[in-house]
Amino acid sequence: HINHFFTRLLDTVEEYNGDAVKLCGDAILIIWTTSSSSSRSVKEERGMQACQCGIELLNRCGNYQDFSGPSPVSLKLHCGMSAGELHCMCLGNNDRMEFLISGAQLKDMGLAESEASAGEFCISAFAYSFIEKSVPFVATSMGNYLYGGEATATQTNTESLLGRFSSFHM
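Here it is in structure tokens:
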């Protein structure tokens, strides 16, 4: 069951040009890279890809249920997103290597994710600044922006929203 869920999740990430770089307990860290010298439009495109991927992950994996076999599985998904500079490093030797990531954006992402309930996607204010003209997120009391659930149910449906993003595929 869990292999099928992660295959669906990772296939979606690959479809939207993201890199799943770290398993963190019950979470997966996915990044969309740019260089610090990239233009604003390139950063907006990558932000849109990440946003589109998050919404599609909710569609495909947000309420995963498989009751076949001896061990039924029911998994709920929620997403958090931030933007900014990250520092990455490989630490170790030939016997064991760890990939480490640090940066304030990880904290911002965690704070955004904590505001999202099952079926919701919450992004930091800085990440929102790259996509605000295209996506109907609703401001939260903590300064982040929420998509999904009650927050946006009356504003749009995901199918029509995803159609508006088609020009951001790379």
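Counting in this note's numbering, the sequence shown runs from 14 upward without gaps.
Glycine included, C-beta positions come from ideal geometry on N, C-alpha and C.
Taking all protein chains shown into account, do 16 or more other C-beta atoms lie within 10 angstroms of the C-beta of residue i, making it buried, or fewer, making it exposed?
i: H91; result: buried
i: N16; result: exposed
i: Q78; result: exposed
i: A188; result: The first residue shown for the chain is 14 and the last is 183, placing residue 188 beyond what the model contains.
i: R21; result: exposed
i: D121; result: buried
Give the secondary structure of residue i by DSSP, where H, G and I count as helix, E and B as strand, and everything else as coil.
i: E128; result: helix
i: S52; result: coil
i: Q118; result: helix
i: M61; result: helix
i: L23; result: helix
i: F150; result: coil
i: I68; result: helix
i: H14; result: coil
i: E28; result: helix
i: G75; result: coil
i: G38; result: coil
Among the residues of its own chain, which have a CB less than 6 Å from the CB of residue i, if the five just before and after it don't count?
i: T25; result: E69, L70 and R73
i: I41; result: A33
i: I144; result: G60, M61 and C64
Cutting at 8 Å between CB atoms, please list the residues of its own chain near residue i, excluding the five before and the five after it.
i: C103; result: M110, E111, F112 and L113
Given a cut-off of 8 Å, decide if residue j and residue i are closer than it, judged by their beta-carbon atoms.
i: N157; j: E133; result: no
i: G75; j: K89; result: yes
Who are the Cβ neighbours of residue i in its own chain at under 7 Å, not counting the five residues just before and after it?
i: F80; result: none
i: S84; result: H14
i: H182; result: Bear in mind that a pLDDT of 22 at H182, under 50, signals an unreliable position, so the number given afterwards is only what the model happens to contain. Around H182: no qualifying Cβ.
The region 125 to 139 / the region 82 to 97 touching (three or more Cβ pairs under 8 Å): By the Cβ rule, the region 125 to 139 counts as touching the region 82 to 97, because three or more pairs are nearer than 8 Å.
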